[in-house]
Amino acid sequence: MAAVSTSPFPDATPDILHDAARHSQDSITDDTWTITLGPWKLQLSNGAQRFLSALVLAPLITFFLWSSPVFATTTVCAVVAAVSCYEYAWIAHRIHLRFIVTLEKYEEANTVVHPSCSSTGSGVSYQSNEPTYPVEMTPPTALERSQGQPPVGEVMEEEVVAFLNKSCAVTPVAARFFCGREWLVAIIVSVFGTIISSFLFRLVSSTDAFYTVNFGGYRMYYAVISSFATWMCACLTPDWKYGTLLVFQQELFTGLTLYSMRCPINDFSCDNIIHPAMFLMFGIVGILVLRLLTSTGPIDYVVHIMLDILGFFYVIGTLFFIVSFVDVDRKATYRKLIIALLYVVWAADSGAYFVGQVFDYFNYKNYHPLASHISPRKDYEGTLIAVFVGMGTMFLASDVLSINGTIAEKLFFSATAVIVGRIGDLFQSLLKRAALVKHSGILIPGHGGVLDRIDALMFASIVFSRYFGAIAD
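Numbering (my numbering), first residue to last: 66 to 538.
Right under this line is the structure:
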């Protein structure tokens, strides 16, 4: 008997499928934003939202970095790390849920087919705080598998973000004592948590090892702002285990910040007692212990620690490269280089996006995707445009800011940073596709969440840190 195709496009060619995937992705990312002003309604396209976000954020961050580079870099990185850990917690929670549900369905199916077989199962008794919904198990067709396209039904199941209308870590307390006011409970817990974390920060930073760290007179401001952001984000994670993990990771990030200000990236060997690897190893051990004590079974434990360790290195590890730029002895150099890094990544991303919109307007069809099964909108054409825009931005920024280095060094490092940043963009898209969500958050109009905006920046910072080392030596 001949196999019957279940694809909605039985006669589709690979080019048609790829074009359909791009338009499907358009429906995901090109969301309009409606502003109501009395009797008038103004609809802003995704491109307009991106432009307005850049118009507000770029000058604000530039002014903040230029006027107070130490306080700005450390504080912004701490807040961004807290929000990024929060967004990643929800993505990881949803990936974990999908994996466990899928595994249990396959085990149930295997039990029905082989009832005489003795199966121990996954050892997982999973209780989710998300509403139950049917999980589509429709397998991809042979053509979809050969082209790396996801099943069409998968796109229809996607949510905007993972945390909308979901219970969080403080929901049980809010429901029992505060009439469901989760934000009120989160604020109360955050105030007490900020007091505790600020006291611990003052205690640690006053030791002989970190007493000389110079925050430019803003030491306690940094402690209060970063601590409040940490505890607020922890309260809004999926459950108390994710919240505990977020606070733990943020405390480690604070320790890494103190260390990097004492031993900047060009002088990591200045301390023979403490090393950044110790913080990272302590983080891994903490994750292993927390999940060992709270997991419901071996499969649950393995999946959790894999996702948690991945998130720890993805968020804390990459943002550490940015905060390690802080070098009081080379303040002028690192301030200029961080601003250049921001503008190179932002310009490359925006340039590729808007040129892609122009190509779509003229119905350009000959795209060459980087990884269509991960992100149909990422292609070689857009990457090439991003590289040229990034190099042009670096050339212009280095001329305006008088950044050291030869032209060849600037062009090489900027091009490499854009390419590596593109990989970071794909990695974030992979996480969102695994979690079946469109965005990591809703904080930045036109982009989504903080992780959606800084995914390329986090990876590109690794390259720019090497450039900083090359021109500062």
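We treat Cβ as the ideally placed atom computed from N, Cα and C, and that holds for glycine. Only a predicted model underlies this, so the values are computations on that prediction, with no experimental measurement involved.
Among residues of its own chain, excluding the 5 on either side of residue i, which ones have a beta-carbon nearer than 6 Å to its beta-carbon?
i, result
"P204", "With a pLDDT of 38 at P204, under the threshold of 50, the modelled position of this residue cannot be trusted, and the question is left open."
"G421", "G447"
"L317", "F344, G348"
"S291", "A143"
"Y445", "H433"
"Y191", "With a pLDDT of only 44 at Y191, under 50, the local geometry of the prediction cannot be trusted, and the value read off the model is given with reservation. Same-chain partners within the cutoff: I165."
"W411", "none"
"S415", "none"
"E224", "V502"
Quick check: the Cα distance between residue i and residue j, rounded to an integer number of angstroms?
i, j, result
"A525", "K170", "40 Å"
"S263", "L168", "43 Å"
"A157", "K503", "14 Å"
"R163", "A500", "7 Å"
"S530", "M346", "22 Å"
"F242", "T322", "37 Å"
"I484", "R498", "21 Å"
"T302", "G308", "6 Å"
"M523", "N175", "42 Å"
"R400", "G351", "34 Å"
"L310", "A146", "13 Å"
"S232", "I472", "53 Å"
"I519", "P134", "19 Å"
"G513", "I507", "5 Å"
"L384", "I364", "30 Å"
"S118", "V141", "17 Å"
"F266", "G320", "9 Å"
"V254", "I439", "38 Å"
"V278", "F390", "14 Å"
"N469", "C328", "22 Å"
"A239", "D304", "13 Å"
"V256", "P341", "30 Å"
"T458", "R246", "47 Å"
"L375", "F128", "33 Å"
"E474", "D464", "14 Å"
"M326", "V452", "32 Å"
"V368", "H161", "7 Å"
"T295", "L496", "22 Å"
"I126", "S132", "10 Å"
"D392", "W155", "34 Å"
Apply the 10 Å Cβ neighbour rule to residue i and answer buried if 16 or more other Cβ atoms are within range, or exposed otherwise.
i, result
"H433", "exposed"
"I450", "buried"
"Y426", "exposed"
"T138", "buried"
"M285", "exposed"
"V189", "Annotation note: pLDDT 49 at V189 (below 50); position unreliable, no value reported."
"W248", "exposed"
"T259", "buried"
"C244", "exposed"
"D373", "buried"
"D394", "exposed"
"T272", "exposed"
"Y532", "buried"
"I261", "exposed"
"V528", "buried"
"A397", "exposed"
"L402", "buried"
"P441", "buried"
"L229", "exposed"
"S467", "exposed"
"S437", "buried"
"L358", "exposed"
Under 7 Å, do residue i and residue j count as touching if we go by C-beta distance?
i, j, result
"S505", "E152", "yes"
"C298", "V148", "yes"
"Q314", "I387", "no"
"L476", "M456", "yes"
"V409", "S360", "no"
"A462", "G486", "no"
"F293", "Y287", "no"
"V235", "V250", "yes"
"L609", "I404", "Residue 609 lies beyond the stretch modelled for the chain, which goes from 66 to 538, so this question has no answer here."
"A413", "V454", "yes"
"A227", "R159", "yes"
"Y283", "F136", "yes"
"R356", "I339", "no"
By Cβ distance below 7 Å, which residues in the same chain neighbour residue i in space, the five residues on each side in sequence not counted?
i, result
"D76", "With a pLDDT of only 40 at D76, under 50, the local geometry of the prediction cannot be trusted, and no value is derived from it."
In chain order, what residues of the same chain lie with their CB nearer than 8 Å to the CB of residue i, ignoring the 5 residues before and after it?
i, result
"V515", "V145, V148, S149, E152, S505, G506, L508, I509"
Inset, instruction - Take every Cβ of the segment 478-494, pair it with every Cβ of the segment 423-432, and state whether three or more of those distances are shorter than 8 Å. - result: The segment 478-494 is not in contact with the segment 423-432.
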